[in-house]
Amino acid sequence: MPGVPSNKACERCKKRHMKCDETRPKCERCTAAGVECPGYVQTRKFIDQGATVRRRYAPYPENHPSSVNDADKTRSSPCSGENAQMASVAEGTHERNAFAMPSPLQGMTSNSRPNPTQMGAANIQNSTNQAPYDINPLTFDREQSSSSRSNAQNSVSPNNDPFNVLNAPYPGLGQRPRDSRVSSSEEPSQRSEKEEFQDIFSELMTGTEHEIAFLIRHFSEVLGPWLDLSDSRKFFTVYVPIHAINSDFLKHSIAALVAKHLGRVKGAKCTTAGGMSTNPATMELYPNSSDVDWFLKAANYYYLAVSRLNASISDYYSTVSSSVILESPIETVGRWLRLQAAQAGSVSFDRFSRKAEDLLAASALLTMYKLMDEPGENWQSHLTGIKPLFNSLLQIHTNQSSTYPLFSHGASAVFWNFARQDYLASYFNRLPTHLDQENLPLWRAAGISIDTVGNTSFHNDPQNSRITSQEDLVANSLIWIMNKTVNFLADFRKSQLAHWTVIDPSEVPTSPGTAQHSHPDTSTWLRLCIAFQGWFDHLPEAFRPCLRLDHPKDTSKPPEIIHLPFPEIFYSLTTCTAAMQQYHFGRLALLLNRPPDVVSAPSTAFDRLQGYREVTKEVDYRCREISGIALGRPQGGVRIYMVPVLLAVGQCLEKPEERQIVVDLLRGVEADLGWSTDGTIQRLQSYWDQSPGSLAAT
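Just so you know, the sequence shown maps onto residues 34 to 731 in the working numbering.
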């Protein structure tokens with residue numbers, strides 16, 4: 034308990050190898066010698082120290098003559114009900130950790146000696162020259178990481194709805210300000226006993242059975258559906274948590290992603306999916322969730338996930354180096370797949386397929402961990418390596434298949450997540466996608482039907498029906514069309530740059546590792562339009578909206594009745610919601626980027642004017658449909674991926690009230706889901722400031 038003396042000597046006695054009487058706050062030996070006692074080190078060690086952390090690193094206020102007296106005063110003074118309850122909970126946790134569980138991370142290491150994989154990633158980049166055992170992740174950036182708790186206390190309370198906070202900041206790891214509860218004249222070691230107690234309690238919880246259960250359940254209920262956007266069999270929601278039972282790197286990948294998400298939503302957990310309950314399960318609750326430093330936990334879990342991921346695919350990683358953290362998980366898994374492709378036939382294909390699914394799933398989780406707080410312009414750099422990764426996977430399946438290769442359920446689910454992120458990231462930067470649209474065997478292996486000339490079929494193949502449903506097939510086919518559309522936009526931009534600078538378009542640099550595409554012309558544009566129309570004409574019934582309000586009322590401004598400028602549209606199936614919004618986005622992008630055609634172009638000014646009016650009319654229609662789907666408040670998986678879509682819509686709007694709706698939708702995504710949108714809002718505002726009508730908008 035707080036106040037029990039530590040078995041550590043003061044710094045002066047330790048250096049002089051003298052026996053210290055450990056009197057707090059100043060050593061009597063130093064006092065007798067007439068020198069200033071330097072005090073006692075209270076560095077927090079990693080949570081594998083278990084139940085001894087609380088008593089060994091308890092705070093000792095300066096105004097108490099000794100730690101024992103401090104403890105006595107704490108027990109004798111009247112304390113609040115909250116402190117008493119916390120002390121009771123922590124005491125029970127201390128007893129369970131001390132007797133039932135010798136170590137909070139028991140089972141995470143295969144031997145009793147210090148394991149480098151249990152050390153956090155926090156200091157690895159700044160201490161590459163130090164020994165691995167000197168790394169202490171829980172001392173990483175204490176002043177910065179503590180702000181996530183203070184921000185949560187200021188904006189989230191049990192009596193307030195945390196999902197109505199629209200303007201709350203979401204500082205990322207390593208960018209958080211100093212804890213507002215500590216004044217500028219105070220040191221972190223002088224914080225109140227309650228705050229220190231919460232820190233220790235949180236550290237004791239890291240890696241425990243309860244915390245892991247809480248995080249994995251949160252993943253299955255909230256974040257898993259984000260990754261199963263076009264997978265009705267729900268690989269991430271259902272199967273990944275089951276695979277994590279026997280896979281440490283998968284378990285820690287889940288924990289890292291969820292912890293970071295909880296940090297960005299300030300510990301708030303949405304319970305609307307499960308309904309209201311007066312008696313929630315224990316694994317649904319986490320004590321003082323809004324005060325927990327989730328960002329620090331996320332960093333620790335991320336480091337454990339990456340180090341275990343490397344250890345699982347290589348026998349050569351006896352110690353952890355900085356390259357483990359710096360290397361992308363996609364590149365790590367791709368390196369292993371290339372090795373497996375070179376050693377074809379040496380291992381059982383069934384055994385390989387299961388391990389490949391787990392590794393691919395971990396790479397997808399850890400990549401989303403990176404994308405969650407990154408601006409869209411930086412997404413593409415985190416996806417580097419997906420092309421060689423899936424090319425190696427395709428080669429392995431080709432060697433094992435007598436017919437055309439077909440990815441397993443898990444591999445296919447991971448592919449479509451990366452493919453969706455790939456074309457959205459490319460749209461932000463107008464650069465070619467990483468995945469090659471011309472590699473038709475790859476797209477077929479992922480589960481869609483494409484003939485030799487690039488035409489898609491929306492009738493499910495009997496062999497493919499075991500992996501994907503009709504709705505999934507249609508939604509994933511749209512991703513392939515969107516991939517081609519974004520590459521067309523990239524080529525169109527390259528052509529414009531070449532025209533402005535009067536150089537050969539082939540000399541304009543492209544992103545490394547991407548395929549060269551043909552020069553954009555009207556025929557390419559028409560083929561894409563026909564592909565979109567063909568996709569729309571073959572839609573199943575589930576792609577029709579079941580609810581639509583064309584003139585919804587704004588009930589936030591009573592008593593006046595104000596109709597919103599956009600409709601509200603709701604689909605029963607999340608897959609269909611996302612697909613239809615992306616469809617209108619693709620048509621809008623093509624409409625605004627039609628290449629000039631000197632042969633069929635209008636010959637008179639009135640013909641051109643009529644053409645502009647037709648374009649304006651369709652732009653308004655597409656923007657209304659996209660905004661209407663967004664105002665229908667679809668599930669989180671749809672909302673996080675509509676950020677670049679709303680960026681495109683916002684650039685087409687002129688009325689201040691319409692622009693404000695787009696800003697509110699973007700802020701809602703960040704407030705409700707923790708997905709970064711601030712950079713997109715700033716980009717829109719900069720565009721509006723330079724466009725007509727910007728004064729009215731501001």
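Think of the CB as a built atom: it goes at the ideal place given N, C-alpha and C, for glycine as much as any other residue. Note that this is a predicted model, so its numbers are computed, not measured.
Applying the 10 Å Cβ sphere with the 16-neighbour rule, what's the burial state of residue i?
i           : result
residue 470 : buried
residue 559 : exposed
residue 649 : exposed
residue 365 : buried
residue 135 : Bear in mind that a pLDDT of 36 at residue 135, under 50, signals an unreliable position, so the number given afterwards is only what the model happens to contain. Exposed, because fewer than 16 other Cβ atoms sit within 10 Å of the Cβ of residue 135.
residue 692 : buried
residue 284 : buried
residue 297 : buried
residue 376 : exposed
residue 280 : buried
residue 430 : buried
residue 467 : buried
residue 688 : exposed
residue 372 : exposed
residue 715 : exposed
residue 510 : buried
residue 359 : exposed
residue 115 : Only weak support exists for where residue 115 lies, its pLDDT of 39 falling under 50; the value from the coordinates is given anyway. Counting Cβ neighbours within 10 Å, residue 115 comes out exposed, since fewer than 16 surround it.
residue 647 : exposed
residue 658 : buried
residue 519 : buried
residue 323 : buried
For residue i, which of helix, strand or coil comes out of DSSP?
i           : result
residue 692 : helix
residue 481 : coil
residue 396 : helix
residue 601 : strand
residue 587 : strand
residue 596 : strand
residue 267 : coil
residue 410 : helix
residue 312 : coil
residue 320 : coil
residue 447 : helix
residue 41  : coil
residue 258 : helix
residue 515 : helix
residue 464 : coil
residue 609 : helix
residue 74  : coil
residue 118 : Low per-residue confidence applies at residue 118: pLDDT is 42, beneath 50, and the placement is therefore not dependable enough to give any value.
residue 51  : coil
residue 472 : coil
residue 301 : coil
residue 557 : helix
Tell me, please, which residues DSSP counts as bridged to residue i.
i           : result
residue 580 : 603
residue 489 : 483
Could you check how far apart the C-beta atoms of residue i and residue j are, in whole angstroms? I think they sit under 8 Å.
i           : j           : result
residue 813 : residue 507 : Nothing in the structure corresponds to residue 813, since the chain is present only between 34 and 731.
residue 652 : residue 624 : 6 Å
residue 54  : residue 45  : Not quite, the Cβ-Cβ distance comes to about 12 Å (not below 8 Å), so this is no contact.
residue 676 : residue 710 : 6 Å
residue 419 : residue 455 : 7 Å
residue 579 : residue 603 : 6 Å
residue 662 : residue 610 : 6 Å
residue 368 : residue 282 : Wrong, their Cβ atoms sit about 15 Å apart, outside the cutoff.
residue 395 : residue 338 : 7 Å
Should residue i be counted as a contact of the ligand NAD given a C-beta to heavy atom distance under 7 Å?
i           : result
residue 475 : Among the components modelled here there is no ligand, and therefore nothing to report on the ligand NAD.
Answer yes or no: does any C-beta atom of chain B fall closer than 8 Å to that of residue i?
i           : result
residue 524 : The structure shown has no chain B; it contains just one protein chain.
Hey, is the region 513 to 530 in contact with the region 611 to 621, meaning 3+ C-beta pairs nearer than 8 Å? Below 8 Å, enough C-beta pairs join the region 513 to 530 and the region 611 to 621 to call them touching: three or more.
With a cut-off of 8 Å, do at least 3 Cβ pairs link the region 432 to 447 to the region 467 to 482? Touching, yes.
Does the region 251 to 260 come into contact with the region 322 to 337, if we say contact requires no fewer than three beta-carbon pairs (one atom in each stretch) closer than 8 Å? No: fewer than three Cβ pairs fall under 8 Å.
Three or more C-beta pairs under 8 Å: does that hold for the region 604 to 617 against the region 696 to 708? Flag = no, the region 604 to 617 and the region 696 to 708 do not touch.
Do three or more CB pairs link the region 394 to 405 to the region 277 to 295 at distances below 8 Å? At 8 Å Cβ cutoff, the stretches touch.
Taking contact to mean 3 or more Cβ pairs, one atom from each stretch, closer than 8 Å, check whether the region 438 to 451 and the region 263 to 277 are in contact. Verdict: yes, contact present.
Stretch pair the region 450 to 464 + the region 404 to 416: three plus CB contacts closer than 8 Å: Cβ pair count under 8 Å is three or more, so yes.
Using 8 Å as the cut-off, can you tell me whether the region 668 to 679 makes contact with the region 637 to 645, which would need three or more C-beta pairs spanning the two stretches below that distance? Output reads no: the region 637 to 645 does not touch the region 668 to 679.
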